[in-house]
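Step one of this worksheet: look at the structure below.
Protein chains: 2
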Amino acid sequence: MADPLSEVFAALADPTRRDIVARLSMADATVGELAAPYDVSVQAISKQLKVLEAAGLVTKTADAQRRSVHLEAEVFDLMTKWIERYRRDAEQRYRRLDSVLAEMNWLDPSEQAPLKRERKTR
Amino acid sequence: MADPLSEVFAALADPTRRDIVARLSMADATVGELAAPYDVSVQAISKQLKVLEAAGLVTKTADAQRRSVHLEAEVFDLMTKWIERYRRDAEQRYRRLDSVLAEMNWLDPSEQAPLKRERKTR
DNA sequence: GACATGTTCAACCATTTGGTTGACAACGAA
DNA sequence: TTCGTTGTCAACCAAATGGTTGAACATGTC
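Here the protein sequences line up with chains E and A, keeping their order. Quick note on this note's numbering: the first sequence kicks off at 1 and runs consecutively. Quick note on this note's numbering: the second sequence kicks off at 1001 and runs consecutively.
What follows is the structure, given as structure tokens:
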């Protein structure tokens, strides 16, 4: 998969994994504890944890034969930064459009405001 | 896939789809315009757009035989709300832990505090 | 009507994903 | 040492994903 952002998004695109993250936000837990509520094998949850771990969302610290899993909250920043950036742009675009339309009505209805050129691809 | 949150996360877990969203945040575009920069068939992009559409991230308006695609920014809220909720909880937990450790040092410095978990640098 | 353009649909293929079971490694307790 | 617990690894399987090509559909243009 390679790129970090894709891995984080993909990791959270599964209800079980999101639930695990939700529970880890309250307290660290062992693999067994995490697996208990679900109706699947421990191995399945172990795999899910590997996905979360690869995405940098959780880390495991081996103590004895059990592993304590805990949430790494900073990775969330990666996502929120991406999201906020484009949401802001999109909303700005709507506001611009709104103000253009408002201006057209406001100033001189006879003068047609030039339409914005469409951007090419970048 | 069913649940909306999973669909939105999954939709953004692909670099091409994220790029499409990024470009749509600047201006609406037709399917053909969106497909142009990528080295895959138009059909492939049409499929990707269906994923984004199913997730509620974009909508298409048919005018003539072309479809204008545009970004639906509100769906982002679903994600940010989820993320913010658990990030907040997780960070609060760290602050609590920090204060507990600080208190331990404060009251009895001779007692060695357990190691703090290392924070990732970034 | 005939044609080119823009988009989708259908069938197919390779890879990834999320699950299974069975074996094994590491450790604490008996 | 032997045993039960905790977790991972490996091999396998079904379903989903992201791509392909070929055909069809809708709509403006000649």
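All residues carry an ideal CB built from backbone N, CA and C; glycine is no exception. Every value quoted in this text rests on a predicted model; they were computed, and no experiment measured them.
Chain A contact for Ala-29(E) (CB, 8 Å cutoff): Position 29 of the first sequence holds residue 29(E). No, because no Cβ of chain A sits closer than 8 Å to the Cβ of Ala-29(E).
Under 9 Å from the C-beta of Thr-1080(A): neighbouring residues of chain E: What you label residue 1080(A) is simply residue 80 of the second sequence in a count that begins at 1. Per Cβ cutoff of 9 Å: Met-79, Thr-80, Ile-83, Glu-84, Arg-87.
Buried/exposed call for Tyr-94(E), threshold 16 Cβ in 10 Å: If you number the first sequence from 1, residue 94(E) lands on position 94. Per the 10 Å Cβ criterion, exposed.
With 16 other Cβ atoms within 10 Å as the buried cut-off, status of Glu-1007(A): The sequence position of residue 1007(A) within the second sequence is 7, counting from 1. By the neighbour-count rule (16 or more Cβ atoms within 10 Å), Glu-1007(A) is buried.
Cβ-based contacts, 7 Å cut-off: residues of the region 1041-1061 of chain A near chain E: none
For Leu-57(E) and Asp-1063(A), the rounded distance between their alpha carbons: Taking the first residue of the second sequence as 1, we reach residue 1063(A) at position 63. Taking the first residue of the first sequence as 1, we reach residue 57(E) at position 57. The straight-line gap from Cα to Cα measures roughly 43 Å.
Ser-1068(A) - DSSP class collapsed to helix/strand/coil: Mapped onto the second sequence, residue 1068(A) falls at position 68. The answer is strand: DSSP assigns Ser-1068(A) an E or B state.
As assigned by DSSP and simplified to three states, the class of Ala-11(E): In the first sequence, counting from the first residue as 1, residue 11(E) sits at position 11. Helix, per DSSP.
Chain E contact for Val-1021(A) (CB, 8 Å cutoff): As a working mapping, residue 1021(A) is identified with position 21 in the second sequence. Interface residue, yes.
Listed by chain order, chain A residues near Leu-12(E) by CB distance under 7 Å: Here residue 12(E) is taken as the residue at index 12 of the first sequence, counted from 1. Those are Phe-1009, listed as they occur along chain A.
Stretch pair the region 1035-1050 of chain A + the region 42-54 of chain E: three plus CB contacts closer than 8 Å: no
Local Cβ density within 10 Å of Arg-17(E), reported as buried at 16 or more and exposed below that: Taking the first residue of the first sequence as position 1, residue 17(E) is located at position 17. Classification for Arg-17(E): buried.
Exposure label - Ala-1036(A); buried when at least 16 CB within 10 Å: Here residue 1036(A) refers to the residue found at position 36 of the second sequence. Burial call: exposed.
Straight-line Cα distance separating Leu-1078(A) from Arg-85(E): Indexing the first sequence from 1 puts residue 85(E) at position 85. Indexing the second sequence from 1 puts residue 1078(A) at position 78. Distance between the alpha carbons of Arg-85(E) and Leu-1078(A) is about 16 Å.
Collapsed DSSP secondary structure at Thr-1121(A) in the structure displayed: As a first step, residue 1121(A) is located in the second sequence; it is residue number 121 there, counting from the start. With a pLDDT of 35 at Thr-1121(A), under the threshold of 50, the predicted position of this residue should be treated as unreliable, and no value is reported.
Residue environment, Gln-65(E), which counts as buried when at least 16 other CB atoms sit within 10 Å: In the first sequence, residue 65(E) corresponds to position 65, counting from 1. When all chains shown are included, Gln-65(E) counts as exposed.
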